[in-house]
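Here is the structure we will look at, set down as structure tokens.
2 protein chains.
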Amino acid sequence: MPGRGRPRRFDRDAALRTAMRLFWERGYEGTSMTDLTTAMGIGSPSLYAAFSCKEALFREAVALYNETEGAVPRRMLHEEPTARRAVEALLRISADAYTDPATPPGCLVVLGAANCTEENQGVREFLAGLRREDLAMLRARLDRGVSEGDLPAGTDTTALAAFYNTVLYGLSIQSRDGATRTELHDIVDTALAAWPGQRS
Amino acid sequence: MPGRGRPRRFDRDAALRTAMRLFWERGYEGTSMTDLTTAMGIGSPSLYAAFSCKEALFREAVALYNETEGAVPRRMLHEEPTARRAVEALLRISADAYTDPATPPGCLVVLGAANCTEENQGVREFLAGLRREDLAMLRARLDRGVSEGDLPAGTDTTALAAFYNTVLYGLSIQSRDGATRTELHDIVDTALAAWPGQRS
DNA sequence: CCATTTATATATCAACCGATACATAAATGA
DNA sequence: TCATTTATGTATCGGTTGATATATAAATGG
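If you read the sequences in order, they're chains A and B. 133 is the number that our numbering gives to position 131 of the first sequence; each next residue is one higher, with no gaps. 199 is the number that our numbering gives to position 197 of the second sequence; each next residue is one higher, with no gaps.
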């Protein structure tokens, strides 16, 4: 039921996608409400009525990002048969996504609130929490590799997960600096040489 | 010769160090002129008279950062006898510096203008240029390792340098997220396992 | 038809941004 | 002494920030 009052003139989902795109491209503080309302083609009271405030809009946009952009890497992480292949798929898919010319370079969760003001520490902590979740998923996949026997028992999965997570962070910055897809995959090649038991 | 007019009431070098510290902590756009003048204890016309404008002050502060904080890693990179030991020293010293409680976490050159506004693209490009210089120095050190025989002939030094550079970028973000010194060194351990010929 | 509800458009709000105008203070050179 | 030069303190500039007050438009329920 669409309710009683005057119907909304714009598509809320489309507006949210627009916000995701802008925040992805320019970060939280780098995107102004005027940028958003202009890109959405609506007035600022309409935006506030639909999304409460800038921070709420950002959180909703990031949630959308996490559901859409994060779906493929998450699925790969689970479906690939070994930990090694899962991590390689994660890195390769991320490298491809970060250099997709149809979307802004790098990861919104990593870059969206890099050095933001103290007054927006809540936004920063929100993204940091998502990063911790991603790290935990990666570590869990490595632990699964140990329990399934494709990773040596006694592997320091915490350190290994932290390492590949760090590489992913670095890839985001590299893509922002204009690194090509090939360059990122070359970096991934080297990173995979650090895999336990690997000969480089 | 201190010149003719009324002498400056404040220490320009100390003010520059204050600016470096603030920019390091909060980034270019995250630091306001009011933040700067307050921390320096001077009025805004004095700041403008001494440093022209915000961007010029930032560039000078970053130059100071590069000279001071960058000195030790640069020296290690040159003085360590092998490429492998040089890279390890670079990573370890950076990990220590990024987690030094006396200074802000992470690297100013990496984090100082992460997703800044389009109108400040000049600042972003300035830092990107410094990062390219650092990358070139790292690659040159690896090339030296090849010519001196401690790295196998045919080693892809470009890819290897890009990889360790990427790890350094990632370490900056990790330290911003509150990673401890031990955690960073564990990541460095894993990164070094990717070294050519290494058994991990 | 009309009360109610919701969304819109216009016009702003106070706070902060980077940057200056202006008058005054404090030094030097002649 | 006094013109010149430079720096300082105060007050403020126009512009932008995130967020609203207000009045009107457009739907539903009775």
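We treat Cβ as the ideally placed atom computed from N, Cα and C, and that holds for glycine. Computed from a predicted model, the values in this text were never measured in an experiment.
Asked	Found
Based on the DSSP output, what are the partners of B/R201 in its beta bridges?	A/R201
Secondary structure at B/P47, three-state DSSP: helix, strand or coil?	helix
Just to confirm the assignment, what range does the alpha helix (DSSP H) spanning B/T70 have?	56-70
Comparing alpha-carbon positions, which option in A/A21, A/L113, A/A138, A/V112 lies nearest A/A41?	A/A21
When the Cα of B/R141 is compared with those of B/I189, B/A163, B/E90, B/D13, which residue comes out closest?	B/A163
Between which two residues does the alpha helix (DSSP H) harbouring B/Y100 extend?	85-100
Under the three-state reduction of DSSP, which class applies to A/N117: helix, strand or coil?	coil
Closest to B/D136 by CA distance: which of B/D152, B/A155, B/E71 is it?	B/E71
Excluding the 5 residues flanking A/P106 on each side, which residues of the same chain have their C-beta closer than 6 angstroms to its C-beta?	W26, E27
From the DSSP output, in three-state form, read off B/S174 for me.	helix
Going by DSSP in three states, B/F12 sits in which element: helix, strand or coil?	coil
So what does DSSP say about A/P75, is it helix, strand or coil?	helix
Can you tell me the Cα-Cα spacing of B/S149 and A/G199, whole angstroms?	29 angstroms
Alpha carbon to alpha carbon, how far is A/L153 from A/T168?	20 angstroms
DSSP three-state call for A/S149: helix, strand or coil?	helix
By a C-beta neighbour count over all protein chains shown, 10 Å radius and 16 as the cutoff for buried, is A/M3 buried or exposed?	Low per-residue confidence applies at A/M3: pLDDT is 49, beneath 50, and the placement is therefore not dependable, though the value from the model is reported in the following sentence. A/M3 is exposed by the Cβ-count criterion.
Do you know offhand how far A/R10's Cα is from A/T159's?	50 angstroms
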